[in-house]
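Q:
Residue numbers (my numbering), protein chains in the order written: chain D, 502 to 614; chain G, 502 to 614.
Structure follows, in structure tokens:
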């Protein structure tokens, strides 16, 4: 799939209030995540994965939490990186937010539905 | 560098009309590219690299050209992927555009300045 036209590809529901659209090659995956259930009182439970991750905040505001790092208030245009294996999570500060997450290698768990 | 706050990190000039900000880990790099010299009459010369690439169109409209694929008119919210070694390029259709490009492995040529 060389392109993903937003208006032509349906969302995949992750859970209530979170939908995604995925594009990938063999070792690189990018996931558009649209959140609609913010703001949150609590952060999501921290998690970790062996994949490296970068994220671009395309809409909204979040707090990004990463093991051994100070909490970061991020907004549209900001980016973060997650090293392999590091515990991390976010908290939404706005009703809606869009994150564009990239991973290497592929998050195969995202393709097994 | 776990985060890149847009307002705190200066652009790096790529050329007149194109500036970027880069975040990366060991095998994954994401590059925020802000174009301000569109629209273009011609596409940029096609190029290729061994790195896999994904791109998110954060602002503006482009035509995406990729070897062996039909030309694609893309706008905010759309994404494209470039397999390793494939010739590809873009043409800007709007004055301004923002692309968020991810690469694996690292584009070391982007870090050698």
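All residues carry an ideal CB built from backbone N, CA and C; glycine is no exception.
Rounded to whole angstroms, what's the CA-CA distance from residue 547(D) to residue 578(D)? Just pull it up for me.
A: Counting from 1 along the first chain, the entry for residue 547(D) is found at position 46. Counting from 1 along the first chain, the entry for residue 578(D) is found at position 77. Taking the straight line joining both Cα atoms gives about 23 Å.
Q: Using a Cβ cut-off of 8 Å, which residues of the region 520 to 541 of chain G contact any Cβ in chain D, in chain order?
A: 522, 524, 525, 526, 527, 528, 529, 530, 531 and 533
Q: Do the region 604 to 614 of chain D and the region 564 to 581 of chain D touch if we need at least three Cβ pairs shorter than 8 Å?
A: no
Q: With 16 other CB atoms within 10 Å as the buried threshold, where does residue 512(D) fall?
A: Here residue 512(D) refers to the residue found at position 11 of the first chain. With fewer than 16 Cβ atoms within 10 Å of its Cβ, residue 512(D) is classed as exposed.
Q: For the beta strand (DSSP E) that residue 588(D) lies in, which residues bound it at each end?
A: Taking the first residue of the first chain as position 1, residue 588(D) is located at position 87. For residue 588(D), there is no enclosing beta strand (DSSP E), since its DSSP letter is neither H nor E.
Q: Name the two residues that bound the continuous beta strand (DSSP E) containing residue 602(G).
A: In the second chain, the residue the question calls residue 602(G) occupies position 101. From DSSP, the beta strand (DSSP E) with residue 602(G) extends over 598 to 605.
Q: So, is residue 545(D) buried or exposed, given that buried needs 16 or more other C-beta atoms within 10 angstroms?
A: Here residue 545(D) is taken as the residue at index 44 of the first chain, counted from 1. With fewer than 16 Cβ atoms within 10 Å of its Cβ, residue 545(D) is classed as exposed.
Q: Indicate whether residue 580(D) and residue 505(G) have their beta-carbon atoms separated by less than 8 Å.
A: Your numbering for residue 580(D) matches position 79 in the first chain. Your numbering for residue 505(G) matches position 4 in the second chain. Yes; because the gap between Cβ atoms is below 8 Å, this pair is in contact.
Q: Buried or exposed: which applies to residue 602(G), given that a residue is buried once 16 or more other Cβ atoms fall within 10 Å of its Cβ?
A: Reading the second chain from its first residue, position 101 is the one you call residue 602(G). Buried, since its Cβ has 16 or more Cβ neighbours within 10 Å.
Q: Can you tell me whether residue 588(G) is buried or exposed? The criterion is at least 16 other CB atoms within 10 Å of its CB, across all chains shown.
A: Position 87 of the second chain, counting from 1, holds the residue named residue 588(G). Burial call: exposed.
Q: Run through the region 526 to 597 of chain D for me and flag every whole beta strand (DSSP E) of 3 or more residues, listed as ranges in chain order.
A: 530 to 536, 553 to 560, 562 to 567, 573 to 576, 580 to 583 and 589 to 593
Q: Measuring alpha carbon to alpha carbon, tell me which of 556(D), 591(D), 519(D) and 514(D) ends up nearest residue 523(G).
A: Stepping through the second chain from its first residue, residue 523(G) is reached at position 22. Of the candidates 556(D), 591(D), 519(D) and 514(D), the one whose C-alpha sits nearest the C-alpha of residue 523(G) is 556(D).
Q: Can you tell me whether DSSP reads residue 516(G) as helix, strand or coil?
A: Against the second chain, residue 516(G) aligns to sequence position 15. Residue state, collapsed to three classes: strand.
Q: When you compare only the Cα positions, how much space is there between residue 595(G) and residue 575(G)?
A: On the second chain, residue 595(G) is found 94 positions in, with the first residue counted as 1. On the second chain, residue 575(G) is found 74 positions in, with the first residue counted as 1. Using only the alpha carbons, I get a separation of about 11 Å.
Q: Between residue 559(D) and chain G, is any beta-carbon pair separated by less than 8 Å?
A: Numbered from 1 along the first chain, position 58 holds the residue referred to as residue 559(D). At least one C-beta of chain G is nearer than 8 Å to the C-beta of residue 559(D).
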